[in-house]
Each structure stands twice: as structure tokens, then as C-alpha cells.
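Residue numbers (the numbering used here): 372 to 551.
Idealized CB from N, CA, C, for every residue including glycine.
First up is the structure itself, then whatever we jot down about it.
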């Protein structure tokens, strides 16, 4: 019997669309590709999710690539909170599921600063019984590394056969399926 529901955040409960964000900043197509690759698809973004670097270190490394000026990198990172928005079609489901008696958890790769702001901003977070956010763990793991799933299951004494995992990325879902 299902007792627990685990949610990812990005593209499940929180909109995450860097291309649209960069377009809204007024960048042309060529610049958007550079910004997308150097900031959002660069190793620094994953390192922020892992919590192994802070924003200043990320900025320094991105600027060192020589394609984006420091002022512009700062602007993109400082204003990115505006493109992390609630997915209003999905987020009401959280309360409905909670009201049916299920325990709710978060398992998400997310950097510190945006998560802390979003957690305060959106009411649906109050329905969760706990969670594991990658930057908090200090073990340099992000999904689909099995260690982050193990942390969540162990911390809250969850049984995989009693748990549903909702994510937008196939490789993360496949990793969860390995647990049963």
C-alpha cells in the first residue's frame, strides 16, 4: 500500500526554463547559447546543486571561461529567482495528496540560495513532512546517484514499496525504480 509520495521540484512543482529566462533578459540567440552552456549547463551549476561551491566560486569560474563578463553573470544569477516560479497546475495537487493522508517528501537537486527563497515564498512547501535537497547534504551527491535516494529513505524510514516518486527526468525515475 502506498503511504508516501516523493516529489522533485524542478519542472514538477517549480518552473525551470533557462532558455525562456535568457530570452526575457533580452539576449539574442547567439548570446543565449553561450549563457545557457556556460552558466546553466556548465559544471558550476551542478556544483552549486551539490553544495560543493558557493555562488562567488561559480561566478569566478564562469567568468574565467572568458565568454561572459562578471557583471552579466552576476545579473543572471541574481535575477534567476524570478524564473523559478510555481507550477500552478501541479502545486495544488500537493495539498490534495496530503489531505488524503499521504506523507510527502522532497528529493531535489537544487542550489542553496534559490531553494531558501522559494521555500519561504510558496505555501505548498508547508505540506511536506521532510526532504533531501542536494546542496544541504554535504556529501557531493545529486540525483541520479543512489546515495541521495538512500539518504532520503534512511532519514525518514521509508520503504520503497510504500513510496511513489515523481520526477521529470527519466534517469532519476529509473534509479528510483531500482528500489522497487
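Tell me whether residue i sits in a helix, a strand or coil according to DSSP, three-state version.
| i | result |
| --- | --- |
| residue 546 | helix |
| residue 399 | coil |
| residue 440 | coil |
| residue 486 | helix |
| residue 404 | helix |
| residue 479 | strand |
| residue 508 | coil |
| residue 503 | strand |
| residue 495 | helix |
| residue 423 | coil |
| residue 434 | helix |
| residue 466 | helix |
Please report the straight-line C-alpha distance between residue i and residue j, rounded to a whole angstrom.
| i | j | result |
| --- | --- | --- |
| residue 480 | residue 498 | 19 Å |
| residue 550 | residue 521 | 9 Å |
| residue 508 | residue 421 | 8 Å |
| residue 516 | residue 474 | 23 Å |
| residue 437 | residue 539 | 33 Å |
| residue 490 | residue 401 | 34 Å |
| residue 447 | residue 403 | 11 Å |
| residue 472 | residue 541 | 27 Å |
| residue 395 | residue 530 | 43 Å |
When the distance is taken between beta carbons, is residue j closer than 8 Å to residue i?
| i | j | result |
| --- | --- | --- |
| residue 493 | residue 443 | no |
| residue 566 | residue 519 | Nothing about residue 566 can be read from this structure; the chain reaches only from 372 to 551. |
| residue 383 | residue 468 | no |
| residue 452 | residue 433 | no |
| residue 405 | residue 415 | no |
| residue 533 | residue 372 | yes |
Under a Cβ-count criterion, where at least 16 other Cβ atoms within 10 Å of its own Cβ denotes burial, should residue i be classed as buried or exposed?
| i | result |
| --- | --- |
| residue 523 | buried |
| residue 505 | buried |
| residue 463 | exposed |
| residue 435 | exposed |
| residue 418 | buried |
| residue 391 | exposed |
| residue 408 | exposed |
| residue 543 | buried |
| residue 362 | This structure gives no information on residue 362, because the portion of the chain shown stretches from 372 to 551. |
| residue 412 | exposed |
With residue i and residue j assumed to form a contact (beta carbons below 8 Å), what rounded beta-carbon distance in angstroms separates them?
| i | j | result |
| --- | --- | --- |
| residue 455 | residue 386 | 7 Å |
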